[in-house]
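Quick note on the working numbering: the sequence shown kicks off at 10 and runs consecutively. Idealized CB from N, CA, C, for every residue including glycine.
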Amino acid sequence: ENARITCIETDEKNIERAKYYFEKAGQSHKVSFICGNALEVVPTLKQTYDLIVNDIDKEGYPLILPRLVERLRTGGMLVTDNVLRQGKVTGPASDPATAAVQEYNRLLAEADNLWNSFIPLRDGVGLSVKL
């Protein structure tokens, strides 16, 4: 009921589409949109969040992780899309996006302030709880 949502999106068309659906659902008063690159926007945010969903350009995953964890409250959850990259993360990386996701996954595994689990759903969903 008292939830607030902050959406960061680089594409203004996607923001307009999301606004339309939040309005249609009668929830637009709970949502704020920021048009920009999450790597630049997240460090400017002051509040902490209960839930953060990470689905930025994969090459940015390792760079954004510490910034997201900083904004996550203790006990909060970070949900990350594409952590398995269709199984590509299990072998040598053949492209920059896969290499970045491999590095992100390594950083998650080494983080002593996160509990992590991967769900093998489609491209893989990572769930990380801040300890």
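Less than 7 Å separating the beta-carbons of residue i and residue j?
i	j	result
Asp132	Arg94	yes
Ser126	Leu140	no
Gln40	Ile14	Residue identity check: residue 40 is Val in the sequence provided, not Gln. It is a contact, given that the beta carbons lie within the stated cut-off.
Could you tell me whether any non-hydrogen atom of the ligand ZN is closer than 6 Å to the CB of residue i?
i	result
Gly69	The ligand ZN is absent from the structure shown, which contains no ligand whatsoever.
Can you tell me whether DSSP reads residue i as helix, strand or coil?
i	result
Leu136	strand
Gly84	strand
Thr89	strand
Leu130	coil
Asn122	coil
Glu10	coil
Asp41	In the sequence under discussion, the amino acid at residue 41 is Ser, which differs from the Asp named in the question. The answer is strand: DSSP assigns Ser41 an E or B state.
Ile65	coil
Leu117	helix
Leu60	strand
Thr15	strand
Lys55	coil
Looking only at its chain, what residues have a beta carbon closer than 7 Å to the beta carbon of residue i, apart from the 5 residues adjacent to it on each side?
i	result
Leu81	Thr57, Tyr58, Ile61, Leu87 and Lys139
Lys210	In the structure as shown, the chain starts at 10 and stops at 140, and residue 210 therefore has no counterpart that could be examined.
Leu72	Leu48
Phe31	Ser37 and Val40
Glu112	Pro71
Glu21	Cys44
If I measure Cβ to Cβ from residue i and keep anything under 6 Å in the same chain, skipping five residues before and after, which residues do I get?
i	result
Ile17	Ile43, Ala47 and Val50
Thr99	none
Lys97	Thr107
Since residue i and residue j should fall inside the 8 Å C-beta cutoff, what is the C-beta to C-beta distance between them, to a whole number of angstroms?
i	j	result
Leu117	Leu123	6 Å
In chain order, what residues of the same chain lie with their CB nearer than 8 Å to the CB of residue i, ignoring the 5 residues before and after it?
i	result
Lys28	Ser37, Val40 and Phe42
Report yes or no: do the stretch 39-56 and the stretch 64-77 share at least 3 C-beta pairs separated by less than 8 Å? Output reads yes: the stretch 64-77 touches the stretch 39-56.
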